[in-house]
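Protein sequences, first through last, are from chains A and B.
Numbering of the first sequence is given in the numbering used here, commencing with residue 95 and proceeding in unit increments.
Numbering of the second sequence is given in the numbering used here, commencing with residue 3 and proceeding in unit increments.
C-beta: ideal position from N, C-alpha, C; glycine also.
Here the structure is a predicted model, which means the values were calculated and not measured.
Comments concern the structure below.
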Amino acid sequence: MLTAVSAIALLGIGCGGRSIEGETPAKSLEVSYVSGHLGSDQGCSASRAAGDAAGAFAPCEPSDTNCGPPPSYCEDGAVTIQLSNVGDAAFKQLDVGALVLRAVGGDDSNLEILGVTRDDGSKFDGTLEPTQAIKIRVKFPAPAYSKVPKGATLQITVVTDGGGEKQVETPELHVMPMWAT
Amino acid sequence: MAIGCGVDEPTAERYLGDGAFRRGVLERSLWRPDLPYSRSLLASYALGDAGWDLLSPMTELTALVTRADSEALQAGRALSLDDAEPVAGAGSDVDALPSDEAAWVALGKRVFERLPMRPDGFLRYLVGTPEIWQRVGIRERADGTLRGIVKYRDVRGDVRVGLTCALCHASPSDDAALAAAPALQRNGDSINGRADRGLDLGLARALASEASGVSADPRLRSWGAGRVDVTDDGVNTPTAVPDLWAMPYKTHLNHSGVIKIVSPATSAVRFETQYVLGHRMETRPRRALTWALSRYIAALQPPAPPSAPSVPPSAELARGKALFGERCASCHRPDRGFAGEMVLASQLMHDPAVATTPERGTGYYKVPSLVGVRYGAPYLHDGSEPTLASLLERGHPRGRAISGDDQRALIAYLETL
């Protein structure tokens, strides 16, 4: 777990995947990348059956065993970030303001935010006490594989009390692996 | 950590406690950092104060799925976790680390059999549909459990069905083989480390998909038992599940050798990332468990022959050994468990597809160990050769066939390895 001391020690070093910025002398938020994947858009058309659903696949010509994108299954994309309150006043209204997809070798596009929860699936109410660090998970519709064949980074904007903004950019993320072995 | 500076002795402590060490192992083992497989790990593993190190550890309460669970799913009831226990054993203390190698290996066996590598919707369907078990190669065991399939509560609090290493890398075996196997490798009706070549996961996925009303990708049915396409790159490359013997002799992991073994911690890092990816990058295994697993895999041995082999005339064996020395040993090195360096796929007569996948293709195939090769059929990275005789007949590795007395002698020798 990150302590305020180690976080402050890193101020200004510009370490990848994190951003720190004093809001006011009292309020200070640090946002770090934790993990993420671009989901899988295969077979999502019929019903957006994600998660533990039986799974669905892209249509291919029966004779073609090398067609199209990977035979994966329908799954929303998700990115997890850590929010650390490194100041000495509580935040009351944190929220995720925007999510931008930056395809490797492609264009930027805005992603719809499907939901924001704590990493254990519980509700995220936007509050963060001093010295507290929590992880939140942001879900978004899986981009088409053809848009991100080489992966993509995500830029996440966290809106703080009073309209301040903090951004973090993930390293390169990829579609959800089917077997992961 | 009390470890001498400059000693590159990858002890459990270094793997468990030193992120920079783990990062170094990852970077050195991914010798093709440009491949998508490598890039996805390099982007997020062991970054220190960002990335996967910040993930919460996995829940460790699991239970093997049973016939009763199957009935619950068929009746539309929720799965109960009343019979779940910690992967490390009932009453285990997560802060206490195993005290010696034997204890690490024993913990590794539990991890191999019980720690879910990933949840999967198709497994829930599979468990709840006993009519298809036989078709896809799933067996209910005498105690009612299904090998390699567990239920557990995931990081979000939902009860899931997941698969463990033992689903693919353990195989039902007859009583004689089981009796001859080291206790460490016995797993109910199966032997751990031996690939299940009767399990057809492509078919299981296809059936699950169809049951949900979606036509299945035809590639899934094309794989056949014992093979899975483990890459996510759009090229259909079903790959044979390998036996896990002879680990200490290996120089690389996976058929295309995408992971170079640079330290005894290499496989622990590989397994750790495998669980992270499998759990949608939402949680990570406790590192003591992945270290234990790596010690367990390193200890696996091929089973002794199920029955006393008919001893071939010693002249034939001697001839086979000599032939092996002339024709095979330059690649399959007898001093290295009959494994060896990698060979360019273009210099072999075998299908190069798995060596050249966009995701993990290095252009090479690794020279597999021949320890326990008598159990390894069907052979090659894609399981395309049914027997040793057919492999030699076809002219492995570069087209020069071996038949007749030479073939018999060589096979007699190979069966002793």
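Could you spell out where the beta strand (DSSP E) holding residue i opens and where it closes?
i	result
B/G93	First-last for B/G93: undefined, no H or E at that position.
A/V190	D189 to A197
B/I151	T147 to R155
A/I250	A246 to V253
B/P174	A172 to P174
A/K260	E259 to E263
B/R141	Counting along the chain, B/R141 falls outside any beta strand (DSSP E), and DSSP gives it neither H nor E.
A/T211	G209 to R212
B/D198	Taken as a continuous stretch (DSSP letters only), B/D198 belongs to no beta strand (DSSP E), as it is neither H nor E.
B/I193	S192 to N194
A/T174	G171 to N179
B/A65	L63 to T68
A/S129	S122 to H131
A/D202	D202 to N204
B/G204	Note, B/G204: premise wrong, no beta strand (DSSP E); alpha helix (DSSP H) at L203 to A213.
B/Y366	Y366 to V369
Can you round the beta-carbon distance between residue i and residue j to whole angstroms, since I take them to be within the 8 angstroms contact cut?
i	j	result
B/Y154	B/T61	6 angstroms
B/T268	B/I261	7 angstroms
B/G280	B/M119	5 angstroms
B/I404	B/L416	Contact doesn't hold; Cβ gap of about 11 angstroms is too wide.
B/L295	B/G110	5 angstroms
A/C247	A/P265	Position check: residue 247 of chain A holds Thr in this sequence, whereas Cys was assumed. With 8 angstroms as the limit, A/T247 and A/P265 qualify as a contact, their Cβ atoms being about 7 angstroms apart.
B/V356	B/D384	6 angstroms
B/A1	B/R223	Residue 1 of chain B lies beyond the range of chain B shown here (3 to 419); nothing can be said about it.
A/V253	A/G191	4 angstroms
B/G53	A/V128	7 angstroms
B/R286	B/P88	Not really, about 17 angstroms apart at Cβ, beyond 8 angstroms.
A/D135	A/P237	7 angstroms
In chain B, which residues lie with their C-beta within 8 angstroms of the C-beta of residue i?
i	result
A/T225	Correct list: empty, because the minimum Cβ distance to chain B is about 16 angstroms.
A/E266	R41, S42 and A45
A/S126	D51, A52 and L56
A/P235	Chain B residues near A/P235: none, gap ~16 angstroms exceeds 8 angstroms.
If the cut is a Cβ gap below 9 angstroms, which residues of chain A does residue i touch?
i	result
B/R362	Within chain A, no residue comes near B/R362; the closest Cβ sits about 11 angstroms away, beyond 9 angstroms.
For a contact meaning CB atoms closer than 9 angstroms, what does residue i contact in chain B?
i	result
A/T174	L56, L57, M283 and E284
A/V232	In chain order: nothing, as chain B lies at least about 12 angstroms away.
A/G130	S46 and M283
A/K229	L56, L57 and S58
A/G245	P38, R41, S42 and A45
In the DSSP assignment, find the unbroken alpha helix (DSSP H) run with residue i in it and report its ends.
i	result
B/Q409	G406 to L416
B/L56	Note, B/L56: premise wrong, no alpha helix (DSSP H); not H, not E.
B/T275	T268 to G280
A/F234	Run containing A/F234: none in the alpha helix (DSSP H); it sits in the beta strand (DSSP E), A227 to F234.
B/E343	B/E343 -> not in any alpha helix (DSSP H); beta strand (DSSP E) instead, spanning G342 to L346.
B/R1	Residue 1 of chain B cannot be examined here, being either before or after the span of chain B that is shown, 3 to 419.
B/K111	E103 to R116
B/E387	Looking at the DSSP string, B/E387 is not in any alpha helix (DSSP H), and its letter there is neither H nor E.
B/S332	First-last for B/S332: undefined, no H or E at that position.
B/S40	P38 to S46
What does residue i reach in chain C if we use C-beta pairs closer than 7 angstroms?
i	result
B/R158	Looking at the structure shown, chain C is missing, and the protein chains on hand are A and B.
Closest by CA to residue i, which one among the options?
i	options	result
A/S178	A/L267, A/K229, A/R196 and A/G245	A/K229
B/D202	B/G215, B/V243, B/A80 and B/L291	B/V243
B/R16	B/L255, B/V373, B/A248 and B/A290	B/A290
B/T166	B/R376, B/A144, B/V113 and B/S82	B/V113
B/R116	B/R79, B/A105, B/L66 and B/H171	B/L66
A/L208	A/P235, A/H131 and A/D201	A/P235
A/L132	A/T225, A/Q249 and A/V125	A/Q249
B/T131	B/S72, B/V89 and B/E103	B/S72
A/T251	A/Q261, A/T221 and A/G257	A/Q261
B/H398	B/A347, B/G226 and B/P305	B/A347
B/V152	B/R69, B/P266, B/P388 and B/R402	B/R69
A/K186	A/K121, A/E263, A/A238 and A/H268	A/K121
B/Y298	B/A210, B/R376, B/R143 and B/E103	B/E103
B/D408	B/G401, B/G159, B/L325 and B/V375	B/L325
B/G322	B/Y277, B/A179, B/G406 and B/R396	B/G406
B/A172	B/M344, B/D145, B/D122 and B/G139	B/G139
Which bits of chain B does residue i rub up against, with CB to CB less than 7 angstroms?
i	result
A/K241	Those do not exist, as A/K241 stays about 14 angstroms from chain B at its closest Cβ, beyond 7 angstroms.
Check whether the Cβ of residue i lies closer than 7 angstroms to any heavy atom of the ligand HEM, and answer yes or no.
i	result
B/G215	Ligands displayed in this structure: none; no statement on the ligand HEM is therefore possible.
Along the region 27-53 of chain B, what residues have a CB closer than 7 angstroms to any CB found in chain A?
-> Per Cβ criterion, the list reads P38, R41, S42, A45, S46, L49, D51, A52 and G53.
Contact list for the region 260-278 of chain B against chain A, Cβ threshold 9 angstroms | Listed in sequence order: T275, Q276, Y277 and V278.
Residues from the region 189-211 of chain B in contact with chain A, defined by Cβ distance under 7 angstroms | Shown in chain order are the members of the region 189-211 of chain B whose Cβ falls below 7 angstroms from a Cβ of chain A: R207, A210 and S211.
Residues of the region 188-211 of chain A with Cβ closer than 7 angstroms to any Cβ of chain B, in chain order = Within the region 188-211 of chain A, no residue qualifies.
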